[in-house]
Every structure is written in C-alpha cells, then in structure tokens.
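Participant: One structure coming up, written as structure tokens, with questions to follow.
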Amino acid sequence: MRHKILLVFVSLWFAVSSTTAAASAWPLIPAITDQDWALPSTVVIIDVGHGGIDGGTSSGTTLEKDINLAIAKKLYLLLRSQGVAAVMNRTGDYALSDENRWHISRSRHRKDLSQRRQLTEEIDSELLVSLHVNWSKKPSQRGPLVLHQQSGESALLAFCIQDSLNRQQNTTAIPREGKTFYLLKRVQQPAVIVEMGFISSDSDRSMLTDPKGQKEVAAAIASGIRQYKWITR
Ligand SMILES: [Zn+2]
2 MRHKILLVFV SLWFAVSSTT AAASAWPLIP AITDQDWALP STVVIIDVGH GGIDGGTSSG
62 TTLEKDINLA IAKKLYLLLR SQGVAAVMNR TGDYALSDEN RWHISRSRHR KDLSQRRQLT
122 EEIDSELLVS LHVNWSKKPS QRGPLVLHQQ SGESALLAFC IQDSLNRQQN TTAIPREGKT
182 FYLLKRVQQP AVIVEMGFIS SDSDRSMLTD PKGQKEVAAA IASGIRQYKW ITR
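What follows is the structure in structure tokens.
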C-alpha cells in the first residue's frame, strides 16, 4: 500500500515537473496574436559560426565550427529555460551556403554570409549574437573579445557580454567596433560577434572543448544578454 501511494506521488510529481519543464524549455509554438501574423518572432538569433566544409579556425584536430555549435546549443537551452526566446541558424555540421539557392554567386563564402543575413530578415528578432573562436600566432594570447556595430545598442550589448565573459574568464578586454565584418554591416538589428576565446591558447582551448567550460561560457553570454535586456527594457 505504502508503495502504491509513493508510486502515485512520484508519477504525479513527474507529470507536473515534466510538463512545466517542457513548457519553459521548449516554447516552440508561441501563442500567435493578430499582430504577429507576418513574421515568426523570437528574441535572440544565435548565429553559429562556420559549418560543413568551412571549419573556421583550428588547432590540430580541434575545429572552431564544432566549438561554436556545442556552445550555441548550451546557450539556446539556457536562454529558453530563462524565458528568452531564441533560435539557432545551424543545428548540425553543415554549411549555410548549401541551403542558399537564391543568391547567385559562385563564392561559397558570400552565399554563406548572405544566408545568415537573410534569416535575420525572415525572423523578427531583437538581437543577433554570432559565436566564433579566435586565433593568434602568440600562444599566450587568450580571452574573449566582443565586436560590435556602430550603433549604441550594439555597443551596449557588446559591453554587457564582454563584461560577463571577462568576469568568467578573469580578463579585462574592451569590446571593439568590427568595421570590416559583413554580418555586422548588413544586419539591421543590434548584432555582435563574440570571439569566445583563442583556439591557439592551451588554456582557452581546454575550456572551449570541455562540456563544463562550454556551459560556463554559454552562461556568461546568456547573463550578458539578460543584462542588456534589463537595461533596454
Ligand atoms: Zn570564426
């Protein structure tokens, strides 16, 4: 009898907790009101740098594209669990240029970039965070660096994320304007490029390839985004 009661209690608890967890972590179908018929909407677009034959920067067999994807997935789940709607533009190892049939260009790189920008026009979002990993010929160079657009909102978003990553990685870098980056020039909403650390640094690379380190980086970026949202609300 005791067992039966316990079983009922446990299954009830499981039913309640799993529905609430599912509701907060996976609000995949948001309620649609009359105003938002035109565009699917979200808050954060997570641009997952590189993919497919474009591995990004590397160190030995460690490729930037894999680090970007692993941290993007963690960031996505964290933001969702904190009630911040997010989408990723790449969920596996493929090049975005493969999906782009409308951009008439022989340059795979241009097609890839235009595909990333196009998504920001098709999904109504507040901001875009592009995840990357840095490289330097100086092995001692380490730490995060956030690049922003000319606008004040983008600079503020960069400052919030940089500050949070600096605390997490015990660094003091200051965000910079990324004047030459196509994505920053062409995306309308506040956008930043987050160089999460250096693949060429032993300590950064072990943090960026370790699930625990990846989770800490993702948590720092999520915290920066929430800080920005709190200031601009
Ligand atoms: Zn990159």
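With my numbering, you'll find the sequence shown wraps up at 234, consecutive numbering, no jumps.
For glycine and all other residues, C-beta sits at the position ideal for the given N, C-alpha and C.
Computed from a predicted structure; not experimentally measured.
Can L129 and D55 be called in contact, C-beta distance under 8 Å?
Facilitator: Cβ atoms of L129 and D55: not closer than 8 Å.
Participant: Suppose you measure from the CA of T63 to the CA of E196; what does that come to, to the nearest Å?
Facilitator: Computed Cα separation, rounded: 16 Å.
Participant: I want to check one thing, is the minimum distance from the CB of H110 to the heavy atoms of ligand 3 below 7 Å?
Facilitator: In terms of ligand content, the structure shown lacks ligand 3 and carries ligand 1 instead.
Participant: Relative to ligand 1, what is the chain-ordered list of residues with a Cβ closer than 5 Å to any of its non-hydrogen atoms?
Facilitator: The answer, residue by residue, is G50, G57 and H133.
Participant: Going residue by residue through the stretch 56-107, where are the continuous beta strand (DSSP E) segments of at least 3 residues, counting only ones entirely within it?
Facilitator: The qualifying runs are 87-89.
Participant: Taking one C-beta from the stretch 155-168 and one from the stretch 184-195 each time, how about it: are there three or more such pairs within less than 8 Å?
Facilitator: Output reads yes: the stretch 184-195 touches the stretch 155-168.
Participant: If you draw a straight line from the alpha carbon of K138 to that of S201, how long is it in whole angstroms?
Facilitator: If you take the alpha carbons of K138 and S201, they lie about 7 Å apart.
Participant: Three or more C-beta pairs closer than 8 Å, one from the stretch 60-79 and one from the stretch 207-225: is that the case here?
Facilitator: Flag = yes, the stretch 60-79 and the stretch 207-225 touch.
Participant: Going by CA-CA distance only, name the one from A86, R111 and S131 that's closest to I72.
Facilitator: For the residues A86, R111 and S131, the minimum Cα distance to I72 belongs to S131.
Participant: Ignoring anything shorter than 3 residues, give me the beta strand (DSSP E) runs that lie fully in the stretch 113-182, in order along the chain.
Facilitator: 128-135 and 146-149, all fully within the stretch 113-182.
Participant: State the CB to CB distance for the pair T43 and A86, rounded to an integer number of angstroms; the pair is presumed to be in contact (CB under 8 Å).
Facilitator: So it is a contact: roughly 4 Å between Cβ atoms.
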